[in-house]
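Structure first, commentary second.
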Amino acid sequence: MNKPIVIRSVLALILISGLWLAWWVFGRSPEAQVRAAQAKLIKIVEKRDWAGLEKLLAPNYTDAFGHNRQTAIQDGRQVLGSFFALTLKTDQTTIKATPGQGVVSMMIRLEGNGIGFSQAVLGHVNQMTEPWVFHWSNPGRWPWDWQVNMIHNDQARLVGRD
């Protein structure tokens, strides 16, 4: 092998990788950043990763039920903790984003099985005809700093508290 050609090829590959990484960090549109954050949120909820969810919910999180970040996670544990398996199927997603703010609207259907009132949760969520709306903000400068400020659905109610 010709050593100078190998060195040039490796340097070119490093340069191309560096340019791609710089674009990924600083060049993606706010819409693409919010789309990635929303996909991360869905996966975190499916896994019921409460520590991950706490990082994604803004410190000033609020919703129509009067939740703050901590009480939303507590109720999430209670409502989703009875599932053995849980999948969120999303549809009709619309994203509106500007630098620092974004809104995602999407239909969500649940698939899963569990004990307790998990079937009531499935039934309630899956009969909704209105989309879930997620309000995002990015208080930092990095594309991974997006946080959810509010989640709402006009048809949502706390199961067992009707």
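Residue 16 in this note's numbering sits at position 16 of the sequence shown; the count goes up by one each step and never skips.
Cβ atoms here follow ideal geometry from the backbone N, Cα and C, with glycine treated the same way.
Only a predicted model underlies this, so the values are computations on that prediction, with no experimental measurement involved.
Go ahead and pull the three-state DSSP assignment for Gly102. Indexing the sequence shown from 1 puts residue 102 at position 102. Note: Gly102 maps to strand in three-state DSSP.
Using C-beta distances below 8 Å, list every residue in its chain close to Leu110, excluding the 5 sequence neighbours before and after it, in chain order. For this step, residue 110 is matched to residue 110 along the sequence shown. Hits under 8 Å: Leu86, Thr87, Leu88, Lys89, Val121, Leu122, Val125, Asn126.
Can you tell me which residues form a DSSP beta bridge with Leu88? Here residue 88 refers to the residue found at position 88 of the sequence shown. Leu110.
Can you find at least 3 beta carbon pairs, one from the segment 68-88 and one from the segment 40-56, that sit closer than 8 Å? yes
Could you check whether Ser137 and Ala58 sit closer than 8 Å to each other, using their CB atoms as the reference points? One-based indexing of the sequence shown puts residue 58 at position 58. One-based indexing of the sequence shown puts residue 137 at position 137. Yes, the Cβ-Cβ distance between Ala58 and Ser137 is below 8 Å.
Pairwise C-alpha distance: Val103 and Asp162: In the sequence shown, the residue the question calls residue 162 occupies position 162. In the sequence shown, the residue the question calls residue 103 occupies position 103. Reliability of the predicted coordinates at Asp162 is poor, the pLDDT of 46 falling under 50, and no value is obtained from them.
In three-state terms, what does DSSP make of Ser137? Within the sequence shown, numbered from 1, the residue matching residue 137 stands at position 137. Of the three classes helix, strand and coil, the one that applies to Ser137 here is strand, per DSSP.
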